Amino acid sequence: MGRSAAGRVGRTELSQTVHILDDPMPEYGEHESAGDPLQTLRHSAAHLLAAAVTELYPGAAYGIGPAVQDGFYYDFDFGKPISESDLPAIESRMRRLAQADIPFVHEVLPRATAIEEFRKRGQDYKLELIADKVEGDEVSVYRTGEFLDLCRGPHVRSTKDIKAFKLLRVAGAYWRGDEKKPQLTRIYGTAWPTQRELDDYLKFLEEAELRDHKKLGKDLKLFTVDDRVGPGLPLWLPDGATVRRELERFIVDEELARGYLHVRTPDVARLDLYRQSGHAQLYSEFMYPPMTFEDGEELELRPVNCPHHIVIYQTELRSYRDLPMRIAEIGNNWRYERSGTLAGLNRVRAFALNDAHIFCTPGQLMDEVKGAIELALYFSKVLGIDEFWYRLSVRDDVKEKWLGAEEQWEEAQAALADALESMGQTYERGLGEAAFYGPKIDFQVRDAHRREFTNSTVQVDFQLPQRFELEYVAEDGSRQRPVMVHRGAAGSMERLFSYLIERYAGAFPAWLHPTQVVVIPITDAQHEYAGKVAASLRASRLRVEVDDRPEKMQRKIREAHARKVPYMAIVGQREAEAQHVNIRDRANREVDHSLEAFVSMVAAEVAERRR
RNA sequence: GCCGCCGUAGCUCAAUUGGCAGAGCAGCUGUUUUGUAAACAGCAGGUUACGGGUUCGAUUCCUGUCGGCGGCUCCA
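For the first sequence, the residue numbers in the numbering used here are 13 to 623.
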């Protein structure tokens with residue numbers, strides 16, 4: 013399974029370089045080789061797109077056009093932006109060029125010649141790339157008929173090798189990923205070796221729509237978002253709240269068993285607390301304006317939980333014997349995300365983080381980091397997060413973005429890397445992805461559309477202990493500074509829920525499902541027995557409904573099925589007489605059980621949190 | 001915040017080139033008591049997101065705002 017993310021190239025050290033150089037290998041690191049035929053095909057399709065565009069829009073300037081997960085894109089400056097309705101014409105021009113069997117010709121030009129070629133064509137973006145990114149006197153270019161591009165290659169032999177492709181959408185994209193630079197028009201497309209694979213991919217996109225958590229959240233009545241409350245402020249409906257409650261119970265119980273201390277702290281604090289933590293200075297763009305009162309009081313909705321937990325740490329003088337101290341809370345965080353970034357439950361303005369802050373001695377750091385990773389692994393296993401990978405998020409060299417001394421960052425980054433390596437885990441590096449106070453290990457997952465998100469995270473922090481002057485008394489009686497580990501083992505409840513909805517397409521495992529059993533009496537005559545069945549299930553703390561509406565059994569089955577209820581217990585006269593239930597599950601298997609056996613079967617499944 | 005697209009009943013969608021806003025499902029009221037994925041009939045449901053404009057006439061054209069989707073930037 014490849015590990016790169018669609019449209020997210022240019023975010024790691026390796027791809028940063030190749031991205032700018034228009035390399036056909038925008039993957040994250042080692043997983044794919046530069047000669048990978050699919051990448052080559054897609055990169056060539058990007059050239060074909062640019063060739064078609066420059067024919068149809070003679071004044072258009074082209075930026076960069078790499079292959080990405082599942083396809084390719086190319087960025088253009090059209091003068092005035094085009095829209096999706098322009099894509100069919102571009103696509104048919106691409107097909108015409110493909111049929112014309114135009115070879116991809118590699119040339120190495122002297123720098124001056126290359127500059128002259130691109131100047132002649134009015135391609136200022138390419139001139140900028142040559143000036144900034146190409147060293148030495150040789151410039152590698154590819155020619156496709158009239159179209160010339162700065163490019164290292166490789167490419168397919170001829171345009172006719174590009175057989176199965178489709179343009180998908182247009183989007184704005186800042187030149188070289190900088191929002192202060194001009195915004196270009198990006199055209200996304202997909203390309204595959206065969207029509208069959210293209211069709212499969214388009215089918216996949218359709219199926220992803222059906223799994224989308226926003227659609228299922230509405231259909232299954234899990235959550236809603238309403239203008240009157242506000243964008244990015246989801247409301248958990250009763251069934252969604254039930255799933256969340258089960259998740260929280262599971263998470264909290266497991267953490268308690270692992271030595272975490274669960275606390276409760278308020279959603280606001282004095283603004284000074286965030287001045288001390290540094291958030292007011294370095295994180296203010298995400299913080300709500302403070303609530304200010306006549307007497308000068310300034311209260312701030314908290315963007316993070318750490319300062320509150322630090323205050324709890326400081327309620328007593330701590331001894332080395334108290335450490336490690338693991339303070340946990342599913343705490344609400346408030347972050348004013350820019351309107352354009354909000355997305356279903358994945359990006360919201362108020363969310364509940366499965367958070368904890370571990371205060372430990374430097375000597376305990378490694379074990380605590382490993383413990384946090386192990387906990388995240390355990391949660392992943394139980395919850396069914398089968399596909400994820402690690403990103404070691406480190407700082408870049410933009411000094412203003414980070415707090416603290418170089419050596420501490422090095423130490424923290426080494427600690428995280430060592431922890432992963434000692435556990436035999438491989439990881440990719442995310443340059444500039446660190447938190448402002450320290451590096452982190454992010455657990456990356458994909459949604460139904462294969463978009464990448466951070467779910468859990470483990471972060472090492474030397475800065476906040478310093479800023480808050482944290483201490484513990486060491487064995488020798490001296491005062492020492494603890495290290496902090498921030499970790500969100502199961503991520504935020506919102507993002508986790510969104511992931512699970514898509515992971516299971518709404519068919520949650522029985523332990524999580526809002527309704528574990530629907531009892532369906534065939535006629536009114538079985539209502540009493542149906543009530544007894546429900547009572548037996550409830551006595552084992554199972555969530556059960558009796559569908560005693562005056563509807564046909566077939567309709568009740570259909571509706572329970574649409575709700576993806578794990579078990580339907582159908583009871584007619586035969587079942588009532590035998591004290592049995594006829595069970596139909598989500599796979600439409602039918603089996604007869606005694607009531608007693610069925611109750612213990614489901615109770616066991618739920619207790620074990622079986623998938 | 002930026003670029004593109006979109007916004008019609010609770011949901012899914014119709015409504016010729018601008019000419020009386022419709023259907024299915026859901027809801028409500030009746031009838032139906034049923035053996036494994038939709039019983040039947042009736043009723044009700046709308047300031048076409050909101051505001052301005054063009055027009056004899058706007059769901060349709062223009063424009064502003066709000067919201068959603070896909071990207072960019074940013075991120076749990």
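Built from N, CA and C at the ideal position, the CB exists for glycine as well. Predicted model, so just to flag it, every value in this text is computed and none were measured.
{"Check": "What residues match up with Tyr-272 in a beta bridge as DSSP calls it?", "Outcome": "Arg-338"}
{"Check": "If we count Cβ pairs, one from each stretch, closer than 8 Å, do we get three or more for the segment 416-430 versus the segment 460-478?", "Outcome": "yes"}
{"Check": "What span of residues does the beta strand (DSSP E) with Pro-533 cover, start to end?", "Outcome": "529-533"}
{"Check": "Measuring straight from C-alpha to C-alpha, what distance separates Thr-125 and Pro-166?", "Outcome": "21 Å"}
{"Check": "Might you give, ordered along the chain, the residues of its own chain that have their beta carbon closer than 6 Å to the beta carbon of Arg-403, omitting 5 neighbours on each side?", "Outcome": "Glu-440, Gly-442, Asp-454 and Gln-456"}
{"Check": "Specify the secondary structure class of Lys-452 as computed by DSSP and reduced to three states.", "Outcome": "strand"}
{"Check": "Measuring CA to CA, which of Leu-554, Glu-158 and Ile-534 is closest to Gln-566?", "Outcome": "Ile-534"}
{"Check": "How many whole angstroms separate the CB atoms of Arg-491 and Gln-288, which I take to be in contact at a CB cut-off of 8 Å?", "Outcome": "That belief does not hold up - the Cβ atoms of Arg-491 and Gln-288 are roughly 19 Å apart, past 8 Å."}
{"Check": "In this structure, what does DSSP give as the bridge partners for Leu-160?", "Outcome": "Arg-155"}
{"Check": "Less than 9 Å between the beta carbons of Asp-238 and Glu-514, yes or no?", "Outcome": "no"}
{"Check": "Cutting at 6 Å between CB atoms, please list the residues of its own chain near Ser-552, excluding the five before and the five after it.", "Outcome": "Val-611 and Ala-615"}
{"Check": "Please classify Ile-595: does DSSP put it in a helix, a strand, or coil?", "Outcome": "strand"}
{"Check": "Thinking C-alpha only, which one of Glu-306, Thr-277 and Phe-465 is nearest Leu-357?", "Outcome": "Phe-465"}
{"Check": "Suppose you measure from the CA of Ile-625 to the CA of Ile-127; what does that come to, to the nearest Å?", "Outcome": "Summary: the structure shown does not reach residue 625, with the chain confined to residues 13 through 623, and so no result is reported for it."}
{"Check": "Counting along the chain, where does the beta strand (DSSP E) carrying Thr-466 start and finish?", "Outcome": "464-473"}
{"Check": "If you follow the alpha helix (DSSP H) that Tyr-348 is part of, which residue opens it and which one closes it?", "Outcome": "Neither: Tyr-348 is in no alpha helix (DSSP H) and is coded neither H nor E."}
{"Check": "Using the Cα positions of Asp-409 and Glu-418, report the straight-line distance between them to the nearest angstrom.", "Outcome": "11 Å"}
{"Check": "For Glu-25, which residues of its own chain have a beta-carbon under 7 Å away from its beta-carbon, when the five flanking residues on both sides are left out?", "Outcome": "In this prediction, Glu-25 has a pLDDT of 28, which is less than 50 and means its spatial position is unreliable; what the coordinates show is noted afterwards. Here the set comprises Arg-441 and Leu-443."}
{"Check": "Please find out if some non-hydrogen atom of the ligand FMN comes closer than 8 Å to the beta-carbon of Lys-132.", "Outcome": "This structure lacks the ligand FMN; in fact it carries no ligand of any kind."}
{"Check": "Gln-585 and Ala-537 look like a contact to me (Cβ under 8 Å); what is the Cβ gap, rounded to whole Å?", "Outcome": "7 Å"}
{"Check": "For a quick check, are the C-beta atoms of Phe-116 and Thr-197 less than 9 Å apart?", "Outcome": "no"}
{"Check": "With a Cβ-Cβ cutoff of 9 Å, do Phe-235 and Leu-249 count as a contact?", "Outcome": "yes"}
{"Check": "For Ile-76 and Ala-574, what's the separation of their Cα atoms in angstroms?", "Outcome": "46 Å"}
{"Check": "Specify whether the segment 256-264 and the segment 276-285 touch according to this definition: at least 3 beta carbon pairs, one from each stretch, less than 8 Å apart.", "Outcome": "no"}
{"Check": "Nearest by alpha-carbon distance to Tyr-137: which of Leu-180, Ala-72 and Leu-109 is it?", "Outcome": "Ala-72"}
{"Check": "Roughly how many angstroms separate the alpha carbons of Glu-620 and Gly-500, rounded to a whole number?", "Outcome": "24 Å"}
{"Check": "Measure the C-alpha to C-alpha separation of Asn-317 and Tyr-295 and round it to an integer number of angstroms.", "Outcome": "13 Å"}
{"Check": "With 16 as the cutoff for other CB atoms within 10 Å, does Lys-568 come out buried or exposed?", "Outcome": "buried"}
{"Check": "Between which two residues does the alpha helix (DSSP H) carrying Arg-441 extend?", "Outcome": "Here Arg-441 belongs to no alpha helix (DSSP H); instead the beta strand (DSSP E) covers 439-443."}
{"Check": "Below 9 Å between beta carbons: does that hold for Phe-391 and Glu-266?", "Outcome": "yes"}
{"Check": "Near Phe-90, which residues of its chain fall below 7 Å by C-beta distance, leaving aside the five closest residues on each side in sequence?", "Outcome": "Tyr-69, Ala-72 and Thr-197"}
{"Check": "Specify whether the segment 100-119 and the segment 148-163 touch according to this definition: at least 3 beta carbon pairs, one from each stretch, less than 8 Å apart.", "Outcome": "yes"}
{"Check": "Using the DSSP secondary-structure output, state which residues sit across from Glu-602 in a beta bridge.", "Outcome": "Arg-596"}
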